[in-house]
């Protein structure tokens, strides 16, 4: 593991994208977290982090992330988005005793900040980094207020990102459905 520190960031990033886009990427994330945390130490707090939301997740944040990576098409920007989409949850966690579950105010922005720092360090190209950040920042978009809100979001992020955002939302939903036992395909 420590030898990874001697490899150029560009090479590490290239290999990371290859692993994330391979079949069984989620299994790799679950099986070798310590290796991934050498490359992306900012993701380590996700492992073992209980969201206190059993209705949504039976896994820790890392387990949910692994399932989310596998639940989306093997395209590097989409897989990187899923890798980082909940990375801000540990630092934004607040337990709502009255409601009886955890909340994560501002976690999309925190996750985007974490992704930005990691992707810059790994020398990700600017276009891909910007797409990942846009998708991570908006992955919890609320569109229940009608066409006007959808048009506003579309104008803000563009058609390509909007299409990708819908894929990200569907992938996160599929991972959460697996956690609730629908179509369950455990990696752990």
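Numbering (my numbering), first residue to last: 1 to 188. For every residue, glycine included, the Cβ atom is placed at its ideal position computed from N, Cα and C. Computed from a prediction, not measured in an experiment: that's the story for all the values here.
Bridge partners for residue i per DSSP, in chain order?
i, result
"residue 103", "94"
Output the distance between the C-alpha atoms of residue i and residue j, rounded to the nearest integer angstrom.
i, j, result
"residue 184", "residue 40", "The pLDDT assigned to residue 184 is 41, lower than 50, so where the model puts this residue is not dependable, and the model offers no usable value."
"residue 71", "residue 17", "16 angstroms"
"residue 52", "residue 168", "23 angstroms"
"residue 5", "residue 36", "12 angstroms"
"residue 24", "residue 148", "39 angstroms"
"residue 13", "residue 176", "28 angstroms"
"residue 79", "residue 138", "15 angstroms"
"residue 29", "residue 45", "14 angstroms"
"residue 119", "residue 77", "11 angstroms"
"residue 123", "residue 42", "16 angstroms"
"residue 153", "residue 69", "24 angstroms"
"residue 140", "residue 8", "34 angstroms"
"residue 49", "residue 3", "27 angstroms"
"residue 32", "residue 111", "22 angstroms"
"residue 74", "residue 109", "24 angstroms"
"residue 67", "residue 146", "30 angstroms"
"residue 159", "residue 105", "27 angstroms"
"residue 27", "residue 115", "21 angstroms"
"residue 162", "residue 99", "32 angstroms"
"residue 132", "residue 101", "29 angstroms"
"residue 11", "residue 155", "35 angstroms"
Would residue i pass as an interface residue toward chain C - the criterion being a Cβ-Cβ separation below 7 angstroms?
i, result
"residue 157", "Of the protein chains in the structure, only one exists, and it is not chain C."
Helix, strand or coil for residue i per DSSP?
i, result
"residue 7", "coil"
"residue 24", "coil"
"residue 161", "helix"
"residue 141", "coil"
"residue 51", "coil"
"residue 85", "coil"
"residue 173", "helix"
"residue 70", "helix"
"residue 125", "coil"
"residue 149", "helix"
(Q) Does the stretch 81-90 come into contact with the stretch 163-182, if we say contact requires no fewer than three beta-carbon pairs (one atom in each stretch) closer than 8 angstroms? (A) yes
Take every Cβ of the stretch 93-101, pair it with every Cβ of the stretch 127-142, and state whether three or more of those distances are shorter than 8 angstroms. no
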